[in-house]
Amino acid sequence: MDTPHPDALHSDILVIGAGPAGLHAAFYAAWRGLSVRVLEARGEVGGQLSALYPDKRVYDVPGLPGTRAAAVVQQLIRQLDGLKVDVRVNLVARTLERAGDGWRIGTDQGTLTAGAVILAAGLGALLPRAARVPGTDDHPDVRTDLPDPAGLSGRRVLIVGGVPQAARAALELLDAGANVTLTHSRAGFRGDPTSLAQLEEARASGQIEILAPARLLRLTPPGAELEMDGVTRSVGADTVLILGGYLPDLSPIQAWPLDWQGEYVPDSPGGRTPLDGVYVVGDLAQSGGDFKLISVAFAQAAVAANHAAHHVRPGLKVRPGHSSEKR
Ligand SMILES: Cc1cc2nc3c(=O)[nH]c(=O)nc-3n(C[C@H](O)[C@H](O)[C@H](O)COP(=O)(O)OP(=O)(O)OC[C@H]3O[C@@H](n4cnc5c(N)ncnc54)[C@H](O)[C@@H]3O)c2cc1C
1 MDTPHPDALH
11 SDILVIGAGP
21 AGLHAAFYAA
31 WRGLSVRVLE
41 ARGEVGGQLS
51 ALYPDKRVYD
61 VPGLPGTRAA
71 AVVQQLIRQL
81 DGLKVDVRVN
91 LVARTLERAG
101 DGWRIGTDQG
111 TLTAGAVILA
121 AGLGALLPRA
131 ARVPGTDDHP
141 DVRTDLPDPA
151 GLSGRRVLIV
161 GGVPQAARAA
171 LELLDAGANV
181 TLTHSRAGFR
191 GDPTSLAQLE
201 EARASGQIEI
211 LAPARLLRLT
221 PPGAELEMDG
231 VTRSVGADTV
241 LILGGYLPDL
251 SPIQAWPLDW
261 QGEYVPDSPG
271 GRTPLDGVYV
281 VGDLAQSGGD
291 FKLISVAFAQ
301 AAVAANHAAH
311 HVRPGLKVRP
321 GHSSEKR
């Protein structure tokens with residue numbers, strides 16, 4: 001038998017992916033009394049809901065009719081309050097190997113071990129689109145994901161993009177004391193109505209400059225050149241944030257021996273995969289097929305997390321009982 005790496009951080013359950021499937025699986029396993037760690041490739045949790053459509057209303061999540069996706073994620077996070085769930089963001093799971101009775105997972109920043117793994121990787125790691133703008137290599141500070149706003153206080157920041165993260169970054173950076181210019185190739189920006197109203201207020205009061213529609217021509221060491229209304233303008237920027245959304249990437253886990261069927265991992269009852277102690281839930285699970293839905297992900301997560309709990313602690317029944325009957 002293998003001995004776990006001495007420096008590895010161990011948890012009963014390791015969930016890979018913090019979308020709705022992963023967050024609900026984490027809730028259930030922790031609620032059964034197990035220690036749970038969640039790895040998420042992005043800088044924030046919520047999976048597709050926070051990366052791809054935080055501003056859209058979702059109508060078919062049970063109990064939360066007509067709720068914006070970002071607010072659905074907030075409720076999932078709230079449900080973890082008081083439970084033993086350790087969420088690690090900006091960490092991509094890349095390797096999986098046996099470690100004693102459990103598993104060892106390799107990331108770019110070391111290894112972790114767990115008694116069971118719940119794979120909730122959805123369509124893949126949601127990684128920021130690369131910046132494809134002439135001069136990117138010449139500018140000293142070009143970023144493609146949401147930054148820590150405090151780190152950019154006092155700096156001139158040019159934000160490029162119309163995705164909801166662009167409007168959000170503009171407001172957060174303004175709050176943090178950055179000098180913000182926002183530009184997009186179209187006139188409109190995406191975001192929830194409150195954020196868009198705040199953006200408009202900030203523009204009207206001169207706190208933020210919005211250049212849209214405008215074409216970003218190139219980055220230059222002190223900033224960027226844009227074309228707006230047929231006129232070329234220079235904008236000073238110490239930092240350029242090019243926010244073009246996120247693309248899913250399954251490649252970090254596709255070499256794992258899971259009998260892949262295209263972009264799916266085959267699952268049998270309880271979310272079992274061909275690897276003992278490794279479960280699959282959500283969009284990645286083959287049984288859901290074309291039903292890529294949050295409600296399906298929740299159900300799969302509840303079932304798999306309880307099977308995983310029993311796998312790690314055979315003394316625990318698979319069936320969780322009713323939450324309403326427990327404190
Ligand atoms: C525009 C749009 C609108 C939608 N509207 C609806 C709707 O109205 N109703 C509905 O029910 N569904 C809707 N969906 C589908 C729904 O969002 C998905 O079914 C749901 O997000 C699946 O959840 P998941 O947790 O399985 O995967 P995801 O939400 O994809 O989450 C997976 C997470 O795993 C992370 N990850 C992947 N690989 C790794 C790795 N190797 N290491 C670490 N982290 C990793 C990813 O970064 C991601 O955060 C919509 C989808 C889109 C794109």
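In my numbering, the protein residues as written are 1 to 327.
Think of the CB as a built atom: it goes at the ideal place given N, C-alpha and C, for glycine as much as any other residue.
Model, not experiment: these values are computed from the prediction.
For I208, there is no enclosing alpha helix (DSSP H), since its DSSP letter is neither H nor E. Measuring C-alpha to C-alpha distances from A237 to each of R155, Q207, K317, Q198 identifies R155 as the nearest. Counting only unbroken stretches of 3 or more residues, the beta strand (DSSP E) elements lying wholly within the stretch 255–324 are 278–280, in sequence order. The stretch 270–283 makes contact with the stretch 103–117, as at least three CB pairs between them are under 8 Å.
CA-to-CA, the gap between D145 and L316 works out to about 42 Å. Judged by their CB atoms, D86 and T220 are not nearer to each other than the 8 Å cut-off. Apart from sequence neighbours up to five positions away, the residues of its chain that approach H24 with a beta-carbon distance below 6 Å are F298, A301, ordered along the chain. Counting only the Cα atoms, P134 lies some 33 Å from G122. The DSSP assignment places no complete run of the alpha helix (DSSP H) inside the stretch 96–138 (cut-off: 4 residues). When secondary structure is reduced to three states using DSSP, G22 falls in the helix class.
It is roughly 18 Å from the alpha-carbon of Y264 to the alpha-carbon of T95.
Judged by the Cβ position, D60 qualifies as a neighbour of ligand 1 at the 7 Å threshold, a heavy atom of the ligand being closer than this.
With respect to the 8 Å criterion, V160 and A178 are not classified as neighbours on the basis of their beta carbons.
Our two residues, S11 and V312, have alpha carbons roughly 10 Å apart in a direct line. In the DSSP annotation of this structure, A170 is not part of any beta strand (DSSP E); the continuous alpha helix (DSSP H) holding it starts and ends at 164–175.
Per DSSP, the continuous alpha helix (DSSP H) segment holding V72 begins and ends at 69–78.
Straight-line spacing of the CA atoms in A29 and M228 works out to 53 Å. Taking 8 Å as the cut-off, the beta carbon of L211 is found closer than this to the beta carbon of T183. Taking D267 as reference, the option from V303, L196, V142 with the minimal CA-CA separation is V303. From the listed residues A131, A202, D192, R186, the smallest Cα separation to A214 is found for R186.
The Cβ atoms of L127 and D249 sit closer than 8 Å to each other.
Boundaries for A51: no beta strand (DSSP E) harbours it, while the alpha helix (DSSP H) harbouring it runs 48–51, taken from the DSSP string.
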